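Q: Using our numbering, the letters of the sequence shown map in sequence onto residues 102 to 195.
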Amino acid sequence: WTSQLARQRRAARFSVDLARPSGTTRVFAISDVHFDHRCNEEWVHEIDNFSFQEDVLIVAGNLADTRNSIAKGLSALKSKFRRVFYVPGNHEFW
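1. Between which two residues does the beta strand (DSSP E) carrying I159 extend?
2. Considering only residues of the same chain and omitting the five flanking positions on each side of S123, which have a CB-CB separation below 7 Å?
3. Could you compute how far the alpha carbon of L119 sits from the alpha carbon of R110?
4. Please classify F182: does DSSP put it in a helix, a strand, or coil?
5. For A56 and N191, I'd like the C-alpha separation in whole angstroms.
6. Nearest-angstrom Cα distance between S170 and D137?
7. Taking the CB atoms as reference points, tell me whether L164 and V185 lie closer together than 8 Å.
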């Protein structure tokens with residue numbers, strides 16, 4: 102957070118979180134999504150666009166096999182959740 106722009110972006114993003122009432126955010130964790138398989142991609146897109154906007158998702162590995170699919174998968178999930186945290190799994194390291 103050394104640049105002024107980075108500090109401003111951090112303050113804007115996280116000050117919103119600090120103002121949230123306690124107990125209003127749920128945390129979900131998933132793994133082995135394999136977004137590059139069509140049925141799993143369809144499942145991600147079928148997640149409701151509004152039900153999880155206040156919630157956090159942890160993606161615990163094996164989101165996809167290719168960098169392009171990982172980017173598409175994270176983008177799709179980010180549109181559904183307020184925050185998405187991602188940890189690579191063994192499939193991302195092939």
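No residue lacks a Cβ here, since even glycine has one placed at the ideal position from N, Cα and C.
Predicted model only: the values in this text are computed from it and were never measured.
A: In short:
1. In the DSSP annotation of this structure, the continuous segment of the beta strand (DSSP E) that includes I159 starts and ends at V157 to A161.
2. Cβ within range, chain order: n/a, list empty.
3. Approximately 15 Å, taken between the alpha carbons.
4. Coil at F182, not helix or strand.
5. The structure shown does not extend to residue 56, since the chain is modelled only from 102 to 195, so the question has no answer here.
6. Across the structure, S170 and D137 are spaced so that their CA atoms are roughly 6 Å apart.
7. Going by C-beta atoms, L164 is not nearer than 8 Å to V185.
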